[in-house]
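Participant: Each residue of the sequence shown is one higher than the one before, starting from 1 at the first, in UniProt numbering. No residue lacks a Cβ here, since even glycine has one placed at the ideal position from N, Cα and C. Below is one structure. I have some questions about it.
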Amino acid sequence: MFAEKYYKLIQEHITKAFEMNKTELWNLSKEIALSINEDQVLHMFGCGHSHMITEELFYRAGGLVPVSPILETSLMLHEGAIKSSKMEKMKGYASPILDNYHVREGEFIVIVSNSGTNNVPIEMALTAKERGLRVIALTSSNYGEEESKHQSGKKLIDIADWVIDNTLPKGDALVEVEERNIGMAPGSTIIGSFLMNTLVTMIVEQLLEQKKEVPVLVSGNVTGGMEKNEKYLEKYRSKIKHL
1 MFAEKYYKLI QEHITKAFEM NKTELWNLSK EIALSINEDQ VLHMFGCGHS HMITEELFYR
61 AGGLVPVSPI LETSLMLHEG AIKSSKMEKM KGYASPILDN YHVREGEFIV IVSNSGTNNV
121 PIEMALTAKE RGLRVIALTS SNYGEEESKH QSGKKLIDIA DWVIDNTLPK GDALVEVEER
181 NIGMAPGSTI IGSFLMNTLV TMIVEQLLEQ KKEVPVLVSG NVTGGMEKNE KYLEKYRSKI
241 KHL
């Protein structure tokens, strides 16, 4: 069954991605924990389906409060999927987007792009670095033969200070029907969300080891949840646009 094949492949990629990235994630978590201790926030950006990973970390029960998503509706699917794909390849779009957000020198930004070859994610990385942010790429290393659409010829993986490799194949589809030339069942959202939540667990562990405050959200659907969250929401409301 195709479903069983997909199930097994997702399990394999979760294991592979964890083993490949766990040291990098642990080292990165130390730096982000220090950043949070300085009242900084973790920024997230992605175009198209990649923005779902950005939203996965934002205002999430069991997630970190100091996460600021950069959500540009013209790059999402609900205002036109074809349009969003075209706009991701446009020049000069990233800087005006970042202008609308409160970013501070020294903060981290995760840029999610499976291929890492399109203009907007690459420009966002370059713009963020110009403004003193530390850039983390969540991407696949398997697009080495694909050309960058940016005029510099660089890909996201070439620009980032930190790289988290989702290990996924070019094209994202995991289940192939070779005789019909069909690829289906993508993995980037599942693996990307797993890796980002793994990073969150490590950041929390670092904060606990440092005996620092741990700003984690409680579900608003359990008794007293919103009351517990309020002190954190009040603290970060001025720093996070979409709260």
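Of the residues Thr117, Asp99, Arg104, which one's Cα is nearest the Cα of Glu145?
Facilitator: For Glu145, the nearest C-alpha among the options comes from Thr117.
Participant: Let me know the secondary structure DSSP gives Gly192 once reduced to three states.
Facilitator: Gly192 falls in the helix class under three-state DSSP.
Participant: My assumption, with CB atoms under 8 Å, is that Ser148 sits in contact with Asp165. Please give the rounded CB distance.
Facilitator: Incorrect: roughly 17 Å between the Cβ atoms, too far for contact.
Participant: Rounding to the nearest angstrom, what Cα-Cα distance links Gly46 and Val67 in this structure?
Facilitator: About 14 Å.
Participant: By the DSSP assignment, the alpha helix (DSSP H) with Thr139 in it spans what residues?
Facilitator: That residue, Thr139, is in no alpha helix (DSSP H); its beta strand (DSSP E) goes 134–139.
Participant: Just grab the DSSP bridge partners of Ile70 for me.
Facilitator: According to DSSP, which records beta bridges pairwise, Ile70 is partnered with Phe45.
Participant: Can you grab the Cα-Cα spacing for the pair Phe2 / Lys22, in whole Å?
Facilitator: Rounded to whole angstroms, Phe2 to Lys22 spans 30 Å at the Cα level.
Participant: By DSSP's criteria, Val204 is part of a beta bridge. Which residues make up the other side?
Facilitator: For Val204, which the question treats as bridged, DSSP gives no partner whatsoever.
Participant: Count the CB pairs spanning the stretch 33–47 and the stretch 204–217 that are closer than 8 Å, and state whether there are at least three.
Facilitator: Judged by Cβ distances under 8 Å, the stretch 33–47 makes contact with the stretch 204–217, as three or more pairs qualify.
Participant: Could you tell me which of Gln151, Gly220, Glu55 sits nearest to Asn197, measuring between CA atoms?
Facilitator: If we check each option's Cα against that of Asn197, Glu55 comes out closest.
Participant: To the nearest angstrom, how far is the alpha carbon of Ile122 from that of Arg180?
Facilitator: About 34 Å.
Participant: Does the Cβ-Cβ distance between Arg60 and Val103 come in under 8 Å?
Facilitator: Not a contact, by the Cβ cut-off of 8 Å.
Participant: Can the beta-carbon of Thr189 be found closer than 8 Å to that of Ile53?
Facilitator: Yes, the Cβ-Cβ distance between Thr189 and Ile53 is below 8 Å.
Participant: How should Leu208 be labelled, buried or exposed, when 16 other C-beta atoms within 10 angstroms of its C-beta is the threshold for buried?
Facilitator: Result: exposed.
Participant: Going along the chain, which residues of its own chain have a beta-carbon closer than 8 Å to the beta-carbon of Leu64, five neighbours each way excluded?
Facilitator: Around Leu64: Ile36, Leu42, Leu57, Val200, Ile203, Val204, Pro215, Val216, Leu217.
Participant: Applying the criterion that 16 or more other CB atoms from any shown protein chain within 10 Å of the CB defines a buried residue, is His51 buried or exposed?
Facilitator: Classification for His51: buried.
Participant: Between which two residues does the alpha helix (DSSP H) carrying Val120 extend?
Facilitator: Taken as a continuous stretch (DSSP letters only), the alpha helix (DSSP H) holding Val120 covers 119–130.
Participant: Between the alpha carbons of Glu31 and Gly171, how many angstroms are there, rounded?
Facilitator: Roughly 32 Å between the two C-alpha positions.
Participant: For Lys154, which residues in the same chain have their Cβ closer than 7 Å to its Cβ, ignoring the five residues on either side in sequence?
Facilitator: Ile122, Ser148.
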